[in-house]
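Working notes for the structure below.
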């Protein structure tokens with residue numbers, strides 16, 4: 064059988080790709096990319112000429128069966144990448160990984176870039192125990208989730224888009240209290256990387272006055 068490689072890609076700074084990731088992407092017969100245009104720039108930079116195929120949240124249910132067949136034929140090794148970071152972490156990847164394992168196909172995940180780890184470490188909040196929440200529900204289930212998390216004692220990690228950050232921080236102040244400590248990191252590893260730390264109220268005031276841009280990770284202290 065063929066083999067599926069899960070390959071992390073840089074979340075910003077291209078120097079964060081590993082030598083092993085470059086080698087694997089050159090050796091496989093096919094690269095599954097969340098957005099072939101975005102990944103094309105990365106592959107061009109590292110002179111990787113492996114063919115690409117689109118694999119994203121809107122088509123992965125339809126493509127998984129055919130990809131499993133191709134891997135079972137034993138003539139191909141396939142690499143899965145996302146636009147940035149480690150596939151399957153708030154990105155496509157879980158469905159294909161599960162299908163491969165259910166069919167006896169070997170899956171190997173390379174270590175590498177992911178946004179929440181540096182955000183957690185540089186937050187200054189306890190990181191011996193934490194819970195990764197990813198994106199909160201947009202509407203249905205959001206209130207229920209926040210009520211449950213209000214009692215969470217571990218440090219919590221969230222992903223958020225810039226245009227929803229102020230709304231989310233407002234909800235945090237409502238459910239967690241205005242004095243709960245948080246850290247907001249944006250544009251990690253990029254030119255305008257910044258981390259703002261303080262209470263929910265302080266950070267909310269900051270971003271109310273200065274609307275954010277770029278990818279965002281929020282780290283929230285647990286309930287004492």
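In the working numbering, the protein residues as written are 64 to 287. The C-beta atom is built at its ideal place from N, Cα and C for all residues, glycine as well.
Going by C-alpha positions, residue 253 is about 14 Å away from residue 280.
The beta-bridge partner set that DSSP reports for residue 246 consists of 260, 282. By the 16-neighbour rule on beta-carbons within 10 angstroms, residue 249 is buried. Between the segment 264-280 and the segment 223-233 there are three or more C-beta pairs closer than 8 Å, enough to call the two in contact.
DSSP places residue 160 in the helix class (H, G or I) of the three-state scheme.
If you look at residue 135, you'll find it isn't in any beta strand (DSSP E); it sits in the alpha helix (DSSP H) that goes 123-135.
DSSP places residue 80 in the coil class of the three-state scheme, outside both helix and strand. Our two residues, residue 155 and residue 173, have alpha carbons roughly 16 Å apart in a direct line. With fewer than 16 other Cβ atoms from the protein chains shown falling within 10 Å of its own Cβ, residue 167 counts as exposed. Ranked by how close their Cα comes to the Cα of residue 138, the residues 66, 266, 121 have 66 in first place. The secondary-structure analysis by DSSP pairs residue 219 across a beta bridge with 194, 283. Contact check for residue 215 against residue 158 fails: the beta carbons are separated by 8 Å or more.
Going by DSSP, residue 142 is part of the beta strand (DSSP E) stretching over 141-144. In the displayed model, residue 236 falls within a helix according to three-state DSSP.
Beyond the five residues adjoining it in sequence on each side, residue 87 comes within less than 8 Å, by CB distance, of 68, 70, 142, 173 in the same chain, given in chain order. The shortest C-alpha to C-alpha distance from residue 257 to any of 239, 276, 243, 267 is the one to 276. For residue 270, the secondary structure class from DSSP, reduced to helix, strand or coil, is helix.
In its chain, beyond the 5 residues on either side, 93, 94, 95, 96, 99, 102, 103, 106 have a beta carbon closer than 8 Å to the beta carbon of residue 115. Scanning its chain for C-beta atoms nearer than 6 Å, with the 5 sequence neighbours on each side dropped, one finds around residue 282 the residues 182, 183, 186, 188, 220, 246, in chain order. Per DSSP, residue 188 lies in no beta strand (DSSP E) segment and is marked neither H nor E. When only Cα atoms are considered, residue 72 and residue 91 end up about 16 Å apart. Scanning its chain for C-beta atoms nearer than 8 Å, with the 5 sequence neighbours on each side dropped, one finds around residue 194 the residues 215, 217, 218, 219, 220, in chain order. Distances from the CA of residue 162 to each of 179, 213, 128, 285 were compared; the closest alpha carbon is that of 128. Check the Cα spacing between residue 198 and each of 278, 111, 134: the tightest is with 278.
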